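So the sequence lines, in the order shown, correspond to chains A and B.
What the first sequence shows, in the working numbering, is residues 2 to 491, in sequence order.
What the second sequence shows, in the working numbering, is residues 2 to 491, in sequence order.
Ideal Cβ positions, reconstructed from N, Cα and C, are used throughout, including at glycine.
What you are looking at is a predicted structure, and each value in this text was computed from that prediction instead of being measured.
First the structure, in the form of structure tokens, and then the observations on it.
2 protein chains.
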Amino acid sequence: MKNQLYIYNTLSRKKELFKSITPNRVGLYVCGPTVYGDPHLGHARPAITFDLLTRLLTYLDYKVRYVRNITDVGHLENDGDEGEDKIAKKAKLEELEPMEVVHYYTERYHDYMSKLNVKSPSIEPRASGHIIEQIEVIKSIINKGYAYESNGSVYFDVKKYNQDHPYGILSGRKVEDLMNNTRALDGQSEKRDALDFALWKKAAPEHIMRWPSEWSDGFPGWHLECSAMSKKYLGKEFDIHGGGMDLLFPHHECEIAQSTIDNGKSPARYWMHNNMITIGGQKMGKSLGNFITLEEFFTGNHDKLERAYSPMTIRFFILQAHYRSTLDFGNEALQAAEKGLNKLMDAMNNLEQLVTSKESDVDVKALKEKCLTAICDDLNSPILIANLFEGVKIINSVLAGKQKISEEDLVYFKDLMHAFVYDILGLEVETSQDAGNDEKLDEVIHLLLNMRTEAKANKDWAMADKIRDELQNLGFIIKDGAEGATWELK
Amino acid sequence: MKNQLYIYNTLSRKKELFKSITPNRVGLYVCGPTVYGDPHLGHARPAITFDLLTRLLTYLDYKVRYVRNITDVGHLENDGDEGEDKIAKKAKLEELEPMEVVHYYTERYHDYMSKLNVKSPSIEPRASGHIIEQIEVIKSIINKGYAYESNGSVYFDVKKYNQDHPYGILSGRKVEDLMNNTRALDGQSEKRDALDFALWKKAAPEHIMRWPSEWSDGFPGWHLECSAMSKKYLGKEFDIHGGGMDLLFPHHECEIAQSTIDNGKSPARYWMHNNMITIGGQKMGKSLGNFITLEEFFTGNHDKLERAYSPMTIRFFILQAHYRSTLDFGNEALQAAEKGLNKLMDAMNNLEQLVTSKESDVDVKALKEKCLTAICDDLNSPILIANLFEGVKIINSVLAGKQKISEEDLVYFKDLMHAFVYDILGLEVETSQDAGNDEKLDEVIHLLLNMRTEAKANKDWAMADKIRDELQNLGFIIKDGAEGATWELK
Chain A
2 MKNQLYIYNT LSRKKELFKS ITPNRVGLYV CGPTVYGDPH LGHARPAITF DLLTRLLTYL
62 DYKVRYVRNI TDVGHLENDG DEGEDKIAKK AKLEELEPME VVHYYTERYH DYMSKLNVKS
122 PSIEPRASGH IIEQIEVIKS IINKGYAYES NGSVYFDVKK YNQDHPYGIL SGRKVEDLMN
182 NTRALDGQSE KRDALDFALW KKAAPEHIMR WPSEWSDGFP GWHLECSAMS KKYLGKEFDI
242 HGGGMDLLFP HHECEIAQST IDNGKSPARY WMHNNMITIG GQKMGKSLGN FITLEEFFTG
302 NHDKLERAYS PMTIRFFILQ AHYRSTLDFG NEALQAAEKG LNKLMDAMNN LEQLVTSKES
362 DVDVKALKEK CLTAICDDLN SPILIANLFE GVKIINSVLA GKQKISEEDL VYFKDLMHAF
422 VYDILGLEVE TSQDAGNDEK LDEVIHLLLN MRTEAKANKD WAMADKIRDE LQNLGFIIKD
482 GAEGATWELK
Chain B
2 MKNQLYIYNT LSRKKELFKS ITPNRVGLYV CGPTVYGDPH LGHARPAITF DLLTRLLTYL
62 DYKVRYVRNI TDVGHLENDG DEGEDKIAKK AKLEELEPME VVHYYTERYH DYMSKLNVKS
122 PSIEPRASGH IIEQIEVIKS IINKGYAYES NGSVYFDVKK YNQDHPYGIL SGRKVEDLMN
182 NTRALDGQSE KRDALDFALW KKAAPEHIMR WPSEWSDGFP GWHLECSAMS KKYLGKEFDI
242 HGGGMDLLFP HHECEIAQST IDNGKSPARY WMHNNMITIG GQKMGKSLGN FITLEEFFTG
302 NHDKLERAYS PMTIRFFILQ AHYRSTLDFG NEALQAAEKG LNKLMDAMNN LEQLVTSKES
362 DVDVKALKEK CLTAICDDLN SPILIANLFE GVKIINSVLA GKQKISEEDL VYFKDLMHAF
422 VYDILGLEVE TSQDAGNDEK LDEVIHLLLN MRTEAKANKD WAMADKIRDE LQNLGFIIKD
482 GAEGATWELK
């Protein structure tokens, strides 16, 4: 029987038993990246969180349609950034057509997600590819009286919405408080109210990304794409909407308002938000300028990094924290994660070597139960990992002959460890390009270098020179240093 | 100074000197895949042909904006297939949302093109993402009087166009002949004339992919996307339009007609068409059911394949034929290509080991001239490859001490071989996972094994045993055989 899954629903602020709208099927929408910069640690967390969710749902026999969008137009940080489209701005800086910027960074994002073993979603719609669908939503909202045109732009009327719908339902904010905290911004005079947000923006003459509409040549507001695309691919009402906590307000709040008017109902039954990655307590993000890119992590090429960390180390580091906790970046924490990961993966390797006995004195069924309960409790990956380390203990204990396992139990045990480590947590054996043989190569060369040291000690200069020369002929550069000889490839 | 590039222009049916519209910049549009099936050899040829062109243009110091589309909607093989959209049909078969099919096969296409070392284009627009742009082109053509609405669909009026424009200019077909050869098809009664082609099709009720328009809820005709997207990303007039010969008629002919009316001028200055890959003389294609996928080539898992062929073997096989010749598939030809490729790549490896002399009796400048002339003569890759084999002869001859090369010439020689083999032909050393360091590892171990053999010869048994023992400690198994010692990893 399937295990019951509990999810913390931001909408109700409590853990709820998950029930899908259609039996055995799940519609999941997650806010994807704005493709105007290199993928960084802040991108890795939502991607890994909802990859974990998808993997778990699949394990629980759901068929998942996972839609994760690409924001390639119209990302206004707030309505004060009138027309300052992040992608168009980047294109200006790099003197490229905006879609060249989009193409480049979308590919980078895909490459790095793939390194992190994040599975590709089922559909990856782009905002720029769904203008017509967004225009249809705007028309529907205008027809229902909740949006107005002003000088070629169209705004959502938050005050009117709030009269008969709870604006702030997701974030717990109150319109009255928001109004008191909003100062009048330049260029906002088109709006009836400072809280109103753009559904359509008239493009300034120099704005490259623009489409015709009945209101103006312009572009959609940022919040709109998710309402239009989730409806198109998942329907008016779907199961789960996910995203980073930073998107909760105003993005998701606005999405709910738009979709509620457009479709007569709230779009998603469950809202899930992963917490932020921080550096010294501050959110890591491109707009804050304190981010470390995934490439920098994998190469170690950044001031704040003591050395390189592999993709699986980053994945494990993220999974070791519960997705709703903040996760503070630090070399020490990363190195601890790496150590833990190595211990786990070494045990997975040893698992394949275990010898069975006639009897068993391990309780693998209880272990599976504990693992499943942990991960089905709102994706509690840190508890799951702690349980898997009990599995590690069993492996090492059987290996050392201190405990016994029967053949039947071993089959069950392997199944459960494979399912949780590989399928659900999505960890994989890392053979970083050549890493396996790099290590062997290093060992063999050091064998030769040690022979050379010995030869020198024995005053066998001919032998010492021969070893150095032969290695040089093979393309190795040998450097003698205070701490012994090192080598590199030419 | 830049070399002059000659291109066979399908439009003029002759080789022409290439001149770009904007100095040092080239706008290139190539028809990409319809993503409803796994990438096969028929996809590899246009991708590699226009990759070669882009690499050459880059080598010649042009900045290239390369746009290659993804056809993800509205691919009607001919207007007889009313509404039988290939992707929607596939989705029905697989019970998926069409965009899931699109996403899956687009990723497969990307993966396999990457294995073939085909560079990603600058922009990869999707038909479904440019509905609004296509609707704008239809409106413009209707306004100019060259298209008419009929029962919610819109058709291009070929007869009217042909009165003042030469329909058939690209393919050399005559409207009169075409009309005599066209039989009336079922469901074509909406059209004024059998030659007219769809710009917009009203969607049947069960048709999933549909968008609103002033004519009907429907979808664009296949030819339209390229007119709309090339205009958007390259302008009304651009340099080169490429594609497979099978697209020449009706697809490209219709594109010219549409764009000419929309923009008042023919879209591309140069039209380039790669010829087909055949099996026993018949075109290889999904619609013909005789295709071999790239995955099948790389694994050898297909009846017609004697064994697996590597991505670079496939690339070299394609480059060994001129792009305007047909290329017949066969195991013998592939094995010959593989042999040729190995010979070339071995020589490239030897090139790095060459020892220089004070004098030179090789003429590397003449060789470069010949190479450049060949590839600038309408991408004559087979002649270029023949010239590169003269380079191989030089390498082997210098290596054998039969010819001499000066340091200056060697630098020049390396530059030219690298440029043509790696940068322009896009061949790369194939290091099947770890192969690179496997080789180094093998070399270093053999160094140790040779030292052991010497030690034995010198009756230095202690040293001989030490080497064997230390290698065994590192996990290597050493086997002494008639032909010397071999090793493997435990």
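Chain D within 8 Å of residue i, Cβ atoms only
i: V445/A; result: In the structure shown, chain D does not exist; the protein chains are A and B.
CB contact below 8 Å: residue i versus chain B
i: K394/A; result: no
i: D66/A; result: Here residue 66/A is Arg; the residue named in the question, Asp, does not match the sequence. So, interface residue.
i: W216/A; result: no
i: N79/A; result: Low confidence applies to N79/A: its pLDDT is 46, below 50, so where it sits in the model is not reliable enough to give any reading.
i: G130/A; result: yes
i: K202/A; result: no
i: E489/A; result: no
i: E471/A; result: yes
Residue i versus the options, residue with shortest Cα-Cα distance
i: N10/A; options: S123/A, E215/A, N152/A and A269/A; result: A269/A
i: E307/A; options: E256/A, M273/A, F298/A and T327/A; result: F298/A
i: I8/A; options: G43/A, T50/A and V363/A; result: T50/A
i: T327/B; options: N276/B, A338/B and A334/B; result: N276/B
i: P99/B; options: G38/B, M285/B, Y30/B and L42/B; result: G38/B
i: R66/A; options: M464/A, H131/A and K232/A; result: K232/A
i: A401/A; options: I88/A, Y105/A, Y147/A and T357/A; result: T357/A
i: L411/B; options: T454/B, L355/B and M464/B; result: L355/B
i: P47/A; options: Y105/A, K120/A, G485/A and R14/A; result: K120/A
i: W223/A; options: G33/A, F292/A, A334/A and A309/A; result: G33/A
i: H252/B; options: H41/B, A420/B, F198/B and Q5/B; result: F198/B
Enclosing beta strand (DSSP E) for residue i [first to last residue]
i: W201/B; result: F198 to K203
i: Y149/B; result: A148 to S151
i: I274/B; result: Rather than Ile, the amino acid found at residue 274/B in this sequence is His. Residues A269 to N275.
i: F250/A; result: Element bounds for F250/A: n/a, residue is neither H nor E.
i: Y156/B; result: S154 to F157
i: V27/B; result: R26 to V31
i: I425/B; result: Looking at the DSSP string, I425/B is not in any beta strand (DSSP E), and its letter there is neither H nor E.
i: P221/A; result: G219 to P221
Integer Cβ distance of residue i from residue j, believed to fall under 8 Å
i: E125/A; j: R56/A; result: Not confirmed; about 18 Å, so no contact.
i: S196/B; j: M210/B; result: Note that residue 196/B is Leu in the sequence shown here, rather than Ser. Their Cβ separation, rounded to whole angstroms, is 26 Å, which puts L196/B and M210/B out of contact at 8 Å.
i: T279/A; j: F317/A; result: Between F317/A and T279/A the Cβ distance is about 18 Å, and since that is not below 8 Å, they are no contact.
i: S123/B; j: H104/A; result: 6 Å
i: Y113/B; j: P40/B; result: 4 Å
Chain A contact for residue i (CB, 8 Å cutoff)
i: M100/B; result: yes
i: L448/B; result: yes
i: K339/B; result: According to the sequence as given, residue 339/B is Glu; it is not Lys. No - not a single Cβ of chain A is within 8 Å of the one on E339/B.
i: S121/B; result: yes
i: P213/B; result: yes
i: K441/B; result: yes
i: Y234/B; result: yes
i: R127/B; result: yes
i: I124/B; result: yes
i: H242/B; result: no
i: H104/B; result: yes
i: I133/B; result: yes
Residue span of the alpha helix (DSSP H) that contains residue i, given as start and end
i: L6/B; result: Unbroken run through L6/B: none, as it is neither H nor E.
i: F497/A; result: No answer is possible for residue 497/A: it lies beyond the span of chain A, which begins at 2 and ends at 491.
i: I209/A; result: I209/A -> no alpha helix (DSSP H), and no H or E assigned at all.
i: T107/B; result: P99 to K116
i: L53/B; result: L42 to Y60
> Does the count of Cβ pairs from the segment 423-430 of chain A and the segment 338-353 of chain A closer than 8 Å reach three?
Replying inline: yes
>> Three or more C-beta pairs under 8 Å: does that hold for the segment 379-388 of chain A against the segment 322-332 of chain A?
In response: Because the criterion of three Cβ pairs below 8 Å is met, the segment 379-388 of chain A and the segment 322-332 of chain A touch.
> Quick check: the segment 278-287 of chain A against the segment 253-267 of chain A, are there 3 or more CB pairs under 8 Å?
Replying inline: no
> How do the segment 142-155 of chain B and the segment 202-220 of chain B stand: do at least 3 beta-carbon pairs fall below 8 Å, yes or no?
Replying inline: yes
>> Using 8 Å as the cut-off, can you tell me whether the segment 440-451 of chain B makes contact with the segment 394-409 of chain A, which would need three or more C-beta pairs spanning the two stretches below that distance?
In response: no
> Three or more C-beta pairs closer than 8 Å, one from the segment 232-245 of chain A and one from the segment 18-34 of chain A: is that the case here?
Replying inline: yes
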